[in-house]
Each structure stands twice: as structure tokens, then as C-alpha cells.
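Accompanying notes for the structure given below.
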Amino acid sequence: MTSEVTMTRESLTAEDLPAALTRGLRGRVLEPGTADYETVCAIYNGMISKSPGVIVECLGPADVAEVLKWANEQDVAFAIRAGGHNVAGNALNDGGLVLDVSKMKGVHVNPPARTVRVQPGVNWGEFDRETQGFGLTTTGGNISSTGVAGLTLGGGIGWLMRKHGLTCDSLIGADVIVPGGQHVRADADHNPELLWALRGGGGNFGVVTAFDFQLHPFTTPVSVGVAAYPAAALLDVVAHYREQTRGAEDDLIIALNLLTLPDRGPCVTVFAAWFGNPTMGAAMIKSVLSHGNPVEVNQTEMTYRAFHCMFDKTFASGQRNYWKSGFFAELSEELIAELGEHFQSVPSPRTVLAIEQMGGQITRIPESSAAFPNRGSAFSFLATSMWRSAIDDQQNVTWTRNMWERIEPHTTGVYSNFLSTGETPAQVAHSYGTSHARLTELKRQFDPKNLLRYNQNIAP
-13 MTSEVTMTRE
-3 SLTAEDLPAA
7 LTRGLRGRVL
17 EPGTADYETV
27 CAIYNGMISK
37 SPGVIVECLG
47 PADVAEVLKW
57 ANEQDVAFAI
67 RAGGHNVAGN
77 ALNDGGLVLD
87 VSKMKGVHVN
97 PPARTVRVQP
107 GVNWGEFDRE
117 TQGFGLTTTG
127 GNISSTGVAG
137 LTLGGGIGWL
147 MRKHGLTCDS
157 LIGADVIVPG
167 GQHVRADADH
177 NPELLWALRG
187 GGGNFGVVTA
197 FDFQLHPFTT
207 PVSVGVAAYP
217 AAALLDVVAH
227 YREQTRGAED
237 DLIIALNLLT
247 LPDRGPCVTV
257 FAAWFGNPTM
267 GAAMIKSVLS
277 HGNPVEVNQT
287 EMTYRAFHCM
297 FDKTFASGQR
307 NYWKSGFFAE
317 LSEELIAELG
327 EHFQSVPSPR
337 TVLAIEQMGG
347 QITRIPESSA
357 AFPNRGSAFS
367 FLATSMWRSA
377 IDDQQNVTWT
387 RNMWERIEPH
397 TTGVYSNFLS
407 TGETPAQVAH
417 SYGTSHARLT
427 ELKRQFDPKN
437 LLRYNQNIAP
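Using my numbering, read the sequence shown as starting at -13 and increasing by one per residue.
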């Protein structure tokens, strides 16, 4: 094999793995045509259909180290299958080697220190189950099935970000195995530059086998509410949204959505959640939702674990997905008009255009602390185009790309975790913003052969 492996369906099989390697593994070697292989290949985005040549199931750091040592010696590139939630399908490849760490699900909470150590196969629902048992948590994904590993390494936009910062802001250390099989510690005292890179630089530098997070107390109910309006009221609702988000307390997050509701058709919704003093929650949510003439208003209170699962059904695994995302400094009338006009022709009733309020604690954390480059943005945006049938792929992808062409001039950056399939190297580099050059130097240090290339890749 050469240092630049051309990944085709026939490029690597189980027979290429030496017996000395496979005998020492705790995990299994999975080949095409087996049920367990197919299970690993079933990832979040139903639009992704890839068939690796061989999957190596890793059950602990030693398995990962042995495979990476061999891969480095043989110049074999590989993908990492953890949560499998990445919309671009970077957890898999065609015809190549995949390391499956999805069964590494250890979670160890240290209540006195308010920290937790998490292995890479854990998702946010599993994270919550363990940490909430001690009345603790940190910023997780917007749906509970999102993997801890991928979300953290890309930065980590989530519901608690205004209160506690991005997910990566609570990452205080990591155990990393780099190509060659060496174990590297990254924290404030050991390889702090690598820790900086892991806070938003993606899975470009090694396989993280343990994430250490600072946790935050959270024992109170979450107050939540949503108001729905006809899509024609978009400009008026956005004016209210601007006013509500201006100077909002960190305990409050408000999202604006364009979507299609059953029996109501295209609508704009205002969704609000309060994570502070519960005696203030109901009144706070009511004030956000008390505007205009909504066609429907719902308000309630629930546990944080239940809240974190609220949208799991809407964004369920297996749907076909194509996304575009960005950040806004402001919500101009021109931008909102473009979104409203384009949404009139949305081909799928499952598609959601979401604008989420940022700010709060995110902006108080120094930009120099993390590779994530869009800390100063006022709003995040995600076009989540979702549909069921493959015959509708072209129509939905084209609609989403056309929408993006119209609104991209209004954006201040893009979110690497939400990059979809088919993005160019220039678009990927743009997602890392001003951090890209520094990340490239670290890539040369830790993965000079670019064996970790199935990701939002930083080429050395």
C-alpha cells in the first residue's frame, strides 16, 4: 500500500488485516454481508449509503491503539464510527477501513469535582441519564441521539449554550490516540495546544477515547413554550423575536422556525426555553409568546431529560437529510424576506429552517480558548431538509442549495458540524475561519499522512 490510499470498494478487506493484529483485539472484525456489519453501517442520515471494506470493532483504547499503529505502518486511511450522527456520513467510507468505537459507552461521574469522563460511543441521552442522577449536566446537542464525540469536537451548539457556553467550552481534557498508536493526553498542563484544537477543530488529530467535561448543577424543571403563526406573519414575528432576544437573560433561549405543521400548512413558530429559577419560568415564557395572533400556543414544564428528547421524533434517524448552516450578525428584513419567499416552494413538509439565539456565556469566553471560530455571532441558522424517498433527492437538494445561494451573503461563517455531503475543500476550510492556519500546523504534527481524512478535513 502507498501513503495515499485510493479508497475503492476493493481497497481493503478483512484478509488484509494481519492475524497478529486481529488475534489481540477485544472487538470483532466485521465483514460485508453480516448483520452486525449492516447495523454499524446504518447511520443517522438515510441518504448515506456506504460500504466499508472492513469494520474493526474497538472495545477499548488498546484496540484503537493497535489498529492505528498498524494503519500508520501500512499507510491506510480510516474512518471513525462513533455516534454516526454526522449528516455528511463521515463515520463511514466506501471500500476502506472503519474503526467502530460506538460500543465504548463508559460514563464516570465525579460528583465532588463536578466532572465526568465519557467514552466516544456515548450519546447525549446516555450522558444525561448518568449526570442528571447527580443533578449535573453540560451543554448537549439539540436532540438526545446526537453523539457526544462529534458534537464536542465540532464546537457544540445546544440548548444550554447561552447559560454554560458551547459544549467544547466545558471540555477540560481528553485522552487521544494518534496515528502510530501513541497515547497523548490533552489538558491545561499537557499538550494544551491539542486541547485547543479539539475544541472545534473536528476529528482531525487522533481518536479521542475519553472526554473529560466540567459539569454544572441543574436540578430544576425546564419551562418551555411554543407559539405558531401563519407563515405570512413572518416579518412581524421576526420583529418581535429581535426585541425578545435583545438583552435576554442567559437562562433564556429562543428559536424561530419556518416549518409545515399538520392541518395548518406553512407556519412560523417561536420556541422558548427557560433554564433558570422555576418560579420565574412560566411568566418568562408567557411574555415571549404573548405577541400578535398565534394560531396555537402551548406552554408546559418538564425535567431536563424529557426536554432534551423533545425533538427526537421530528429529527428521527433514517430520514434523508441535506443541510446548510450559517451564522448571522443580525436578522435583516432582506434576509428574512428571502427565507420567507423561498420557503413558499419547500418540496418536503418535513423540512425545518431554524434560527437560534446565541450570545450569553458564549461571548464571554475568550476566543483564544477554542478553535471554534464563530463565538461572536448573534444567531445560528440551520436549514434541515428532510424527506423519505430517494426519488425526491434531487428536488430537495436543489431547493436547499438554491436557498443557500440567496442567503449566504448574509452569513458571517458556517458551522463545521453541519456541513453536508459534497462540500468543497474551500468550504470546509471556511468553516474553521481564522483557526484554520493554526489547525493545519497541528494536523502536520499529529497526522502528517492525513490518515484521519474522513471528516471535515484539514489537509496537512
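Think of the CB as a built atom: it goes at the ideal place given N, C-alpha and C, for glycine as much as any other residue.
For clarity, every value in this text was computed on a predicted model and none was experimentally measured.
Inside the segment 217 to 278, DSSP marks whole beta strand (DSSP E) runs of 3 or more residues at positions 238 to 247, 251 to 260, from first to last along the chain. Between G408 and Q105, the alpha-carbon positions lie close to 30 Å from each other.
Between the segment 237 to 248 and the segment 194 to 204, the count of C-beta pairs closer than 8 Å stays below three; the two stretches do not touch. Per the Cβ contact rule, the segment 1 to 18 is in contact with the segment 36 to 49 (3 or more Cβ pairs under 8 Å).
The beta-carbon separation of G345 and A323, rounded to 24 Å, does not stay under the 8 Å limit for a contact. Counting the other CB atoms within 10 Å of its CB gives D2 a total below 16, which places it among the exposed residues. Just so you know, the alpha carbons of N109 and L139 end up roughly 14 Å apart.
S371 has its alpha-carbon roughly 12 Å from the corresponding atom of G32. Between the alpha carbons of A57 and Q380 lies a gap of roughly 37 Å. Our two residues, V53 and P47, have alpha carbons roughly 10 Å apart in a direct line.
Nearest in C-alpha terms to C27, of all of S303, P359, E327, T384, is S303. Here E427 is exposed: its Cβ has fewer than 16 other Cβ atoms, across all protein chains shown, within 10 Å. In this structure, the alpha-carbon of A172 lies about 30 Å from that of R291. When C-beta atoms of the segment 119 to 134 are compared with those of the segment 212 to 221, fewer than three pairs fall below 8 Å, so the two segments do not count as touching. For K55, the closest of D22, M266, L137, I163 by C-alpha to C-alpha distance is I163. Ranking Q347, A174, A51, V193 by CA distance to the CA of L7 puts A51 first. Rounded to the nearest whole angstrom, the CA to CA distance from I393 to L325 is 8 Å. Taking a cut-off of 8 Å for Cβ pairs, the segment 80 to 90 and the segment 414 to 434 do not touch, as fewer than three such pairs fall below it. Sorting E59, Y30, L339 by C-alpha distance to the C-alpha of G167 places E59 at the top.
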